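According to the numbering used here, the sequence shown is numbered sequentially starting from 2.
Data first, discussion second: the structure below is written as structure tokens.
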Amino acid sequence: MAEILLVEDAKFFRNIIKSQIETKFGYNVTAVETYSEAVEQLTNSNKHFDLGLLDLNLPDAPDGEIVDIVTGMGVPSLIFSGHFSEAVRDMLEHPSVIDYVVKDSPASLNYVLNMVDRYFKNSTCCALVVDDSRVALKHMETLLKRFNFKVLCASKGHEALNVFNENPDIRLIICDYNMPDMQGTELCKLIRAQKNRDQVCIIGVSAYGNQTLSAQFLKAGASDFLVKPFLTEEFFCRITLNMDALEKVHKLDELVHTDLVSQLKNRRFLEEEYERTCQTAETNNLSLACAFFELDDFKAFNESHGNDGGDAILFMMAREFERHFNRTSPLVVRYSGSQFCFLCATDQPNNFVEEMQTLHRHIINRDFRFGKQHLSVDVSGMLCIASPGKYADLLDDTKRTLESQAARKGCFVTA
Numbered sequence: 002m003a004e005i006l007l008v009e010d011a012k013f014f015r016n017i018i019k020s021q022i023e024t025k026f027g028y029n030v031t032a033v034e035t036y037s038e039a040v041e042q043l044t045n046s047n048k049h050f051d052l053g054l055l056d057l058n059l060p061d062a063p064d065g066e067i068v069d070i071v072t073g074m075g076v077p078s079l080i081f082s083g084h085f086s087e088a089v090r091d092m093l094e095h096p097s098v099i100d101y102v103v104k105d106s107p108a109s110l111n112y113v114l115n116m117v118d119r120y121f122k123n124s125t126c127c128a129l130v131v132d133d134s135r136v137a138l139k140h141m142e143t144l145l146k147r148f149n150f151k152v153l154c155a156s157k158g159h160e161a162l163n164v165f166n167e168n169p170d171i172r173l174i175i176c177d178y179n180m181p182d183m184q185g186t187e188l189c190k191l192i193r194a195q196k197n198r199d200q201v202c203i204i205g206v207s208a209y210g211n212q213t214l215s216a217q218f219l220k221a222g223a224s225d226f227l228v229k230p231f232l233t234e235e236f237f238c239r240i241t242l243n244m245d246a247l248e249k250v251h252k253l254d255e256l257v258h259t260d261l262v263s264q265l266k267n268r269r270f271l272e273e274e275y276e277r278t279c280q281t282a283e284t285n286n287l288s289l290a291c292a293f294f295e296l297d298d299f300k301a302f303n304e305s306h307g308n309d310g311g312d313a314i315l316f317m318m319a320r321e322f323e324r325h326f327n328r329t330s331p332l333v334v335r336y337s338g339s340q341f342c343f344l345c346a347t348d349q350p351n352n353f354v355e356e357m358q359t360l361h362r363h364i365i366n367r368d369f370r371f372g373k374q375h376l377s378v379d380v381s382g383m384l385c386i387a388s389p390g391k392y393a394d395l396l397d398d399t400k401r402t403l404e405s406q407a408a409r410k411g412c413f414v415t416a
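Take a look at the structure:
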């Protein structure tokens, strides 16, 4: 869990920041009032602080001395001030200062919370910087690392494409316009042919700020554009806005593709993923295995235990499915009603058959608890396997075969 050192002499601001961070994000916040208390925490505490939130004007250190002591111990920091000045802004030149916040309105609290949230989320994001200038490349790499990104670098367009293809976790690309082998706009188009705006953010940069260049980048698929040289705070603000937008789209996509009861992926996701899974299987000459589980007499189960009981059993079964597999990694979705679907591209279909048979036995013998009730379920199952070139109707065939075997309740059948 992240550890944050908050140094702020204003009691109200200190208490509300500590409370909001701990409540919203679950991070540990050590809050102190003075420079001496902060030094005590840094030198005598066993805690390793991941981030500092520092007021520049403290009773025993009115001239920003707190910044040097905290950042000098390797703690990246966000600084507060009661007013804006060039001296405050110049603090951004310090290699461990992320940003500054002017405490002049209630909006400043939200800005602090957003920056803290973004900083820790960035640790799970990979950024790619593309620039043929070694100085510019190093500068942007340093800024991104300061903002807690994992950073990869490339000096040419084709090199950038190779890095991008080898690292599917890249979520941010900062791309210069002028490169030896291709223009940045061309690279942008090539990346957009693989991933859309909802999957990766591209920010174009150039020292040539003519009026048409930003439009060229945006039309090529860029999310934003910056003219070099740029202010450090503008760089961070643009990245924050674009990464936040990307995250919101991702959350909406998760809602669209997640079943609210079981918290598994839903039928819509399966139908979109099915073609990609078939292509992967075809490319690698793999078998495609599809299995369905269905709770028998689910309507009667709901009538006996109520809708809450029905929802609970679906949720608990979903958790059992997630814990079960170790030799294969199938896609597991709630297909509809009381039906679950398992899809797996594999070169060892027999392993998948064995794991599904074991899972079926486990579920029908499992004692589920809902409140004070002990619940058991009967589950029917069907599994079909298709060899390369015969995937097209596998999903529909498996479901149809399951429904045609309705009389064989509680059984698991392999076709």
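Backbone N, C-alpha and C fix where the C-beta goes; we use that ideal spot for every residue, glycine too.
Values in this document were obtained by computation on a predicted structure and should not be read as measured data.
Query: Please say whether A346 and T259 have beta carbons closer to each other than 8 angstroms?; Result: no
Query: Can you tell me the Cα-Cα spacing of S134 and D100, whole angstroms?; Result: 25 angstroms
Query: Round the Cβ separation of A319 and L265 to the nearest angstrom and send it over; I've been treating them as touching at under 8 angstroms.; Result: 5 angstroms
Query: Starting from A108, trace the alpha helix (DSSP H) both ways and give me its first and last residue.; Result: A108 to N123
Query: Write down every uninterrupted run of the beta strand (DSSP E) in the region 351-408 whose length is 3 residues or greater and which is fully enclosed by it, in chain order.; Result: 369-371, 374-376 and 380-387
Query: Would you mind listing the beta strand (DSSP E) stretches within the region 40-116 that are 3+ residues and don't spill past its ends, in chain order?; Result: 52-56, 78-82 and 98-103
Query: Return the chain-ordered list of same chain residues with a C-beta closer than 8 angstroms to the C-beta of R370, the five sequence neighbours on each side being excluded.; Result: L376
Query: For I203, which option in Q212, L214, T213 and L188 has the closest C-alpha, if you only look at C-alpha atoms?; Result: L188
Query: Do the CB positions of A128 and I192 come within less than 8 angstroms of each other?; Result: no
Query: In chain order, which alpha helix (DSSP H) runs of at least 4 residues are fully inside the region 121-193?; Result: 135-147, 158-167 and 185-193
Query: Output yes or no for whether 8 angstroms exceeds the beta carbon distance between L271 and Y392.; Result: no
Query: From S109 to V206, what distance separates their C-alpha atoms?; Result: 29 angstroms
Query: Sort D225, E295 and D132 by Cα distance to P181 and report the nearest one.; Result: D132
Query: Measuring CB atoms only, is the region 241-258 touching the region 117-125, in the sense that at least three cross pairs come out at less than 8 angstroms?; Result: yes
Query: Tell me the DSSP secondary structure of Q340 in three-state form.; Result: strand
Query: For V334 versus N267, is the C-beta distance shorter than 8 angstroms?; Result: yes
Query: For L315, which residues in the same chain have their Cβ closer than 6 angstroms to its Cβ, ignoring the five residues on either side in sequence?; Result: V262 and S263
Query: Count Cβ pairs between the region 24-41 and the region 76-86 that sit closer than 8 angstroms; are there 3 or more?; Result: no
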